[in-house]
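Take the sequence shown: its letters are residues 481 to 918, numbered as in this note's numbering. Down below is the structure, laid out as structure tokens.
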Amino acid sequence: MSSVTIATSGGLPTRGGKLVVRSGPAKGTTVDIGIEPVLTGRNASCHLVLQDPKVSSIHGEFVATERGVRVRDLGSRNGTWVGEVRIIEAYLAEKTSIWVGETEILFEPSRPTHLHLPTHETFGPLYGGSARMRAVFDRIDKVAATDLTVLIQGETGTGKELVAQAIHNASRRAKTPFVVIDCGAIVQSLAESALFGHERGAFTGAVAARVSPFVEAEGGTVFLDELGELPMDVQPKLLRALAERRVKAVGGTRYNPIEVRVVCATRRDLALSVNEGGFRSDLYFRVAQVTISLPPLRERTEDIPGLVRHMLSDMGAAQAYRRVPHESLERLMRYDWPGNVRELRNAVAVALALAEDGGPVDVAAHVGGATRSGGPMGVGGALGYHEARRESMERFEHEYFDRLSRECTGNISEMARRSGLERVHVRRHLRKHALVTK
């Protein structure tokens, strides 16, 4: 994991640059790279449009970071190549040639610049003193003043709904309804009704009329959670409703105009889902007017002590932070956090509830399944508990992902589906254990 340098001016140092197309139909086109992601592909809504038949609709993404410009392949058909190496993700700091399809793109770096970030460590219910989170707070503050549609991306447990609520609370709509539609919980056969409502008798079981959440939220904000789970056959209907700003209930004959702000969230990589055929590109560009990417907790471990303090305070036990052992905090900062901030909050709550009066609040003892009875055994008793547990977990992970990779013949999407993990999380485990996939 890379360290983040916080400048004394309160800014985040970023290293951007520009892309120059060297061949193909777009030859001569240049695009600057900043902290806003630059999408490349054949789709006319991409920032850099490449009408190359071997380039995918949404092919790749470039964004400036503190480590250099990150280039990421978005599941393209023919891949993204840096030199002779096909990459999933890479960081560029020097002049470099990138090939997508039959198009050569030259990356030219610029001098590092500093983003001036807010100094406060909270934004509504959110906490984060790291530069990554203060950059998120800055983005929330700016986007809240607009009515742009926002797409919040992040792993499970990173706080996407809290960000959506923070955007609403900081906007001119703060005193109006905030209505949540959980797309991940919608039954496919009732998806249209869940979005747009229905009239009484519209279908079997519709014993009463149901008002559309878009109508309920009039003047306020509609939060479409887990948008990536929305069935494909309903996506064009949602697109039409957002474009025309009106909805019609199932079984109804009249359109109702809607005046709402739309914020969406997903744990999936929607651009990648577009290439895999699981999400419509036109809907993606409609909802992703502005994107906010939430870092996983493992990439901002410097926030963990402050998060523990903040959570204990929320639980009415601010003084208990003094009873959290320093070693416990160190162990928390070494942990991988697949459940992110939600997992940390659960561990803090359990540690507080089980602590003896005046005794230590050992949060680290309640993460990673440590509170479960049983578990993997066989590590020599000569090792200390934590070292033995770490070795046991390493062995389990290696055996699990080795077998999973072989059973799925290296197919990342299938491995993610079977394991219940995000694709990026699967890839990281494969790299960690040096397991080769096709």
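Glycine included, each C-beta is placed from N, C-alpha and C at the ideal position.
- Shortest Cα-Cα distance from residue 814 to any of 801, 785, 839 and 803 involves 785.
- Every beta strand (DSSP E) stretch that sits fully inside the stretch 544–603 and reaches 3 residues is listed by chain position as 548–553, 560–562, 565–567, 569–572, 576–580, 583–589 and 593–596.
- About 7 angstroms separates the beta carbon of residue 730 from that of residue 679, a gap short enough to meet the 8 angstroms contact definition.
- When DSSP states are grouped into helix, strand and coil, residue 622 belongs to the helix group.
- With contacts defined as CB atoms closer than 9 angstroms, residue 722 and residue 671 fail to qualify as a contacting pair.
- Per DSSP, the continuous alpha helix (DSSP H) segment holding residue 649 begins and ends at 640–649.
- In this structure, DSSP gives residue 497 an extended state, which the three-state scheme calls strand.
- Residue range 770–773 is occupied by the beta strand (DSSP E) that includes residue 773.
- The criterion of a C-beta distance shorter than 9 angstroms is satisfied by residue 634 and residue 820.
- Secondary structure at residue 690: strand, using DSSP grouped into helix, strand and coil.
- Residue 563 sits away from residue 552, with the two beta carbons spaced by 9 angstroms or more.
- For residue 903, the enclosing alpha helix (DSSP H) covers residues 903–912.
- In the DSSP secondary-structure assignment, residue 520 is bridged to 528 and 540.
- CA-CA distance, residue 577 to residue 530, rounds to 16 angstroms.
- For residue 759, the three-state secondary structure derived from DSSP is coil.
- Around residue 739, the same chain offers 698, 699 and 725 as residues with beta carbons nearer than 8 angstroms, after the five sequence neighbours per side are excluded.
- Apart from sequence neighbours up to five positions away, the residues of its chain that approach residue 769 with a beta-carbon distance below 6 angstroms are 628 and 629, ordered along the chain.
- Counting C-beta pairs with one atom in each stretch, the stretch 518–538 and the stretch 751–764 have three or more that are closer than 8 angstroms, which means they touch.
- In the structure shown, residue 837 adopts coil according to DSSP, grouped into three states.
- Counting only runs of 4+ residues, the alpha helix (DSSP H) found wholly inside the stretch 684–735 occupies 693–696 and 715–724, in chain order.
- Inclusion of residue 693 and residue 661 in the CB contact set at 9 angstroms is warranted, their separation being smaller than that value.
- Comparing C-alpha distances from residue 831 to each of 538, 846, 838 and 805 shows the shortest one belongs to 846.
- Where residue 784 is concerned, the enclosing alpha helix (DSSP H) starts and stops at 784–794.
- Residue 745: member of the beta strand (DSSP E) spanning 741–746, first to last residue.
- When the beta-carbon positions are compared, residue 905 and residue 878 stay at least 9 angstroms from each other.
- Residue pairing by DSSP places residue 738 in no beta bridge whatsoever.
- Distance from the CA of residue 701 to the CA of residue 545, rounded to the nearest whole angstrom, comes to 31 angstroms.
- Residue 631: member of the beta strand (DSSP E) spanning 630–633, first to last residue.
- Proximity to residue 806 across 840, 568, 565 and 554 peaks at 840, based on C-alpha coordinates.
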